[in-house]
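Undergrad:
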Amino acid sequence: MIVSVLAVLVLLTGPVSAQTNTVSGAVRYVTDGDTFSLRGVERPIRVWGLDAPERNERGASAATSTLQRLVAGQSLTCRVRDIDRYGRIVGQCFLADGRDVAAQMIAAGVAREYCYFSGGYYGTCRGN
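Heads up: the sequence shown at position 75 corresponds to 74 in numbering that gives the first Met the number 0, and the numbers run straight through without jumps.
(1) What is the rounded straight-line gap between the Cα of G122 and the Cα of A102?
(2) As a quick exercise: from A61, A110, A106, R42, pick the residue whose alpha carbon is nearest that of V79.
(3) If you scan the segment 40-103 from start to end, which runs of the beta strand (DSSP E) of 3 or more residues do you find wholly inside it?
(4) Among residues of its own chain, excluding the 5 on either side of G86, which ones have a beta-carbon nearer than 7 Å to its beta-carbon?
(5) Could you give the residue range of the beta strand (DSSP E) that holds Y193?
(6) Out of P52, F93, G118, which one is the CA nearest neighbour of I44?
(7) Please list, in chain order, all residues of the same chain as L69 whose beta carbon is under 6 Å from its beta carbon, the five residues on each side excluded.
(8) Check whether the Cβ atoms of D31 and T65 sit closer than 9 Å, and answer yes or no.
(9) Checking the sheet assignment: what are the DSSP bridge partners for R111?
(10) Taking the continuous beta strand (DSSP E) assigned at T123, which residues delimit it?
(11) Beta carbon of T34, beta carbon of T76: below 9 Å?
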């Protein structure tokens, strides 16, 4: 049973490296300030550790356009951390030059660390 569930997940997510549990590909489009899609990966990617304003919130367009500029024409590699309740891959994502997407968005001031999930990984949570 476990093998068949894993097989279905692999088929649904596209090119996943079983050895490192990653997905990678060229960015197809940016949905908002913390979600995008990769070519060849069926599920959208939700950037792990990042909390960007929602579409109806102040700062949403700045976060979305910053993410678009950051990843435009890039090929990303995302370490799969989870699948969220919406079926999105939650991934810690890196540009080809090794920069962490969430860290770049936090540094740009358009999004913040999602401390509940990141556990303070990016060093911006209270008590760090």
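Beta carbons are placed, not taken as given, at the ideal position from N, Cα and C, and that holds for glycine.
TA: By the coordinates alone:
(1) 10 Å
(2) R42
(3) 44-46, 74-82, 88-93
(4) R42
(5) With the chain covering 0 to 127 only, the question about residue 193 has no answer from this structure.
(6) F93
(7) Q103
(8) no
(9) D50
(10) No beta strand (DSSP E) contains T123, which DSSP labels as neither H nor E.
(11) no
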